[in-house]
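Just so you know, we're using our numbering here: the sequence shown kicks off at 258 and counts up by one.
What follows is a single structure, written as structure tokens, with notes after it.
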Amino acid sequence: MADADSILIIGAGQSGAVAAAALRDLGHEGPITLIGREAHAPYERPPLSKAVLQAAEAHAQTAVHPGGFYEQRRIALLTGAEAVRLDPAGHLVHLADGRSLRYHRCLLATGGRARELPNLPRGTPGVHYIRTLDDAAALRAGLTPDARVAVIGGGFLGLEVASTARALGARVTVLESAPRLLERVLPPALSDWLAERVRHAGVTLRLDARMARCTRQPHPDESVRHQARFTIELQDAALIDADVVVVAIGLAPEVSLAAEAGLALDAANGGIVVDAQCRSSDPDVYAAGDCASQHRRHLNMALRLESWQNANEQARAAAAGMLSQPAPGEPYPWFWTDQFGCNVQMLGLPQPGLAYACRGTPQSGADAPKFIWLGHRDGIPVHAIAINAGGDLRQLRVLFEQGLRIDPLRYADETVALKPLVKACQQHAAATP
Ligand SMILES: Cc1cc2nc3c(=O)[nH]c(=O)nc-3n(C[C@H](O)[C@H](O)[C@H](O)COP(=O)(O)OP(=O)(O)OC[C@H]3O[C@@H](n4cnc5c(N)ncnc54)[C@H](O)[C@@H]3O)c2cc1C
């Protein structure tokens, strides 16, 4: 029988590892057990499609916490251990190896799985999905100079992989089924700009590209028979040959334990429904990170976010919730990606009917273009995308958080300094009854 205040965290990824640390920071003295299916101690996933894909040595820098951390903070880390059943009535979690662990509070931090294409299942030689450190290592081995790489899916992840593969000298084709890149998150002019930049880097980009079939022939060279050649046929009859296929078509939240345990799931996004403290429909089970769906005050809707910031913030909120302490304030959603020589940061989320103003000059061929598109409703910022302009985005953040108006024309005028402009917006709001 475990201690009355034992906390069990299922999922030793970003959220799970941050929650375990936060529990100790908040003063929890009881047992903490962190259960992870993977063989590795918790690591950060963002470098997997960037630095880790580019250079094997970068593995070493991906750990969420330094070596010795779990022992020092008395966190029992069980790697290679899979939870197979959650029994909320009995306060028990059953593991695949037959063990059962009792909990007082349980956190589901189970993340998600890369969505698969049925005709290109995981495990097919030459076909890659990228969610784990092992996935990244396997893909890196295939990214030889001149390898023909087809990336299916032109979302953030697909584009990052394309960017890294191109930097390694591969010949890359990106197949995106939508008529423009990142059409759900970028205004059309920015999608077009990005498409131009991708092409400028030497990547073949095919929009509106729907796969009709993909055939695989073993490599003619006996010594590399495990490799394959693929021919992808698009619905418009175009043929793309590839040695390596990377499928990056999104994520399915890992909610099987929650579903079998009868916890409420969000019908729209598939996530585990949680409140502001990350508590699920069972009072002793919490959820955080990619698997959780939470109502967002700023946007007045429930969302399941797949971002590093969200995994960290929800982990902290869940830790506070499990200890019956007040939840930290809700941060404005923020996301970043690095690709094609650009650090892209996004604050807020797009909404229908926003007008966009651009500060800076978008030049797709420039070495380091710098500009920010600001999406606003009657001057009140709701969404911003900064290209190599994270510092300026930080200046704007206060307007988002406090719902303050900015004059879009003055914002777009680069002769008007940004810092004083933001200050003037704050002063104006303070002086207006
Ligand atoms: C390649 C890649 C690049 C990314 N780049 C960016 C980026 O640039 N910017 C950004 O903001 N975000 C990025 N992200 C997203 C970010 O990394 C995720 O949002 C974050 O890792 C989510 O954390 P999590 O704890 O919810 O899930 P994860 O980190 O996925 O951890 C979940 C863990 O739970 C384990 N697990 C699941 N079920 C069980 C079970 N039953 N028993 C035991 N263990 C289980 C899984 O094996 C996994 O290790 C990227 C993600 C990937 C994959």
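Ideal Cβ placement from N, Cα and C applies to all residues, glycine included.
{"query": "Completely contained alpha helix (DSSP H) runs for the region 419–500, where each covers 4 or more residues", "result": "445–457"}
{"query": "Beta-carbon contacts of Ile506 that lie in its chain and below 6 Å, excluding the five residues immediately before and after", "result": "Arg372 and Gly410"}
{"query": "beta-carbon Leu514 near ligand 1 non-hydrogen atom, thresh 7 Å", "result": "yes"}
{"query": "Buried versus exposed call for Glu433 [16 or more other C-beta atoms within 10 Å across all chains shown]", "result": "buried"}
{"query": "Whole-angstrom C-beta distance between Arg667 and Leu678, which should lie under 8 Å", "result": "6 Å"}
{"query": "Residue(s) in a DSSP beta bridge with Gln551", "result": "Val531 and Leu560"}
{"query": "Which of helix, strand or coil DSSP assigns to Asp392", "result": "helix"}
{"query": "Local conformation of Val737 per DSSP, three classes", "result": "A question about residue 737 goes unanswered here, because the residues of the chain that appear run from 258 up to 690."}
{"query": "Among Ala584, Pro590 and Ala572, nearest to Val639 - alpha-carbon criterion", "result": "Pro590"}
{"query": "Pairwise C-alpha distance: Glu339 and Asp500", "result": "34 Å"}
{"query": "According to DSSP, residues forming a beta bridge with Ala320", "result": "Tyr300"}
{"query": "Of the listed residues Ala576, Asp498, Lys307 and Arg441, nearest to Pro607 (C-alpha basis)", "result": "Arg441"}
{"query": "Gly368 vs Cys548 beta-carbon contact at 8 Å", "result": "yes"}
{"query": "Distance, Val341 Cα to Gly519 Cα", "result": "14 Å"}
{"query": "Beta-carbon proximity list for Ala533, same chain, < 6 Å, skipping 5 on both sides", "result": "Ala584"}
{"query": "Helix, strand or coil at Ala259 according to DSSP, with G and I counted as helix", "result": "Because the pLDDT at Ala259 is just 49, under 50, the model does not fix this residue reliably, and the point stays unresolved."}
{"query": "Anticipated Cβ contact below 8 Å, Ala274 with His322, distance rounded", "result": "6 Å"}
{"query": "beta-carbon Leu451 near ligand 1 non-hydrogen atom, thresh 7 Å", "result": "no"}
{"query": "Other residues of its chain near Gln652: CB distance less than 8 Å, five sequence neighbours each side excluded", "result": "Leu675, Lys676 and Val679"}
{"query": "Cβ distance (whole Å) where Gln271 is taken to contact Ala568 below 8 Å", "result": "4 Å"}
{"query": "Residue range of the unbroken alpha helix (DSSP H) whose run includes Gln329", "result": "Phe326 to Gln329"}
{"query": "C-alpha distance - Ala524 paired with Ser538, whole-angstrom precision", "result": "14 Å"}
{"query": "Residue environment, Glu563, which counts as buried when at least 16 other CB atoms sit within 10 Å", "result": "buried"}
{"query": "Local conformation of Gln608 per DSSP, three classes", "result": "coil"}
{"query": "Which of helix, strand or coil DSSP assigns to Ala686", "result": "helix"}
{"query": "Top-ranked residue by Cα proximity to Asn600, from Arg554, Glu417 and Tyr613", "result": "Glu417"}
{"query": "Start and end residues, beta strand (DSSP E) containing Gly632", "result": "Phe628 to Arg634"}
{"query": "Leu283 burial status per 10 Å Cβ neighbour count (16 or more: buried)", "result": "exposed"}
{"query": "Arg356: CB within 7 Å of a non-hydrogen atom of ligand 1", "result": "no"}
{"query": "Spatial neighbours of Gly622 in its chain, beta-carbon cut-off 7 Å, leaving aside the 5 residues before and after", "result": "His457"}
{"query": "Selected residue, minimal CA-CA separation from Gly691, among Arg554, Asn557, Met558 and Ala576", "result": "Residue 691 is absent from the model: the chain starts at 258 and stops at 690."}
{"query": "Arg654, enclosing alpha helix (DSSP H) - first and last residue", "result": "Gly647 to Gln659"}
{"query": "Glu295 CB to nearest heavy atom of ligand 1 below 7 Å", "result": "yes"}
{"query": "Contacting residues, own chain, Cβ-Cβ under 7 Å from Ala424 (five flanking each side not counted)", "result": "Gln311"}
{"query": "Contact set for Leu280: own chain, Cβ-Cβ below 8 Å, skip 5 residues either direction", "result": "Ile264, Ile289, Ala576, Met579 and Leu580"}
{"query": "Close-in-space but distant-in-sequence residues of the same chain around Ala404 (CB under 6 Å, 5 per side omitted)", "result": "Ala427, Asp500 and Val501"}
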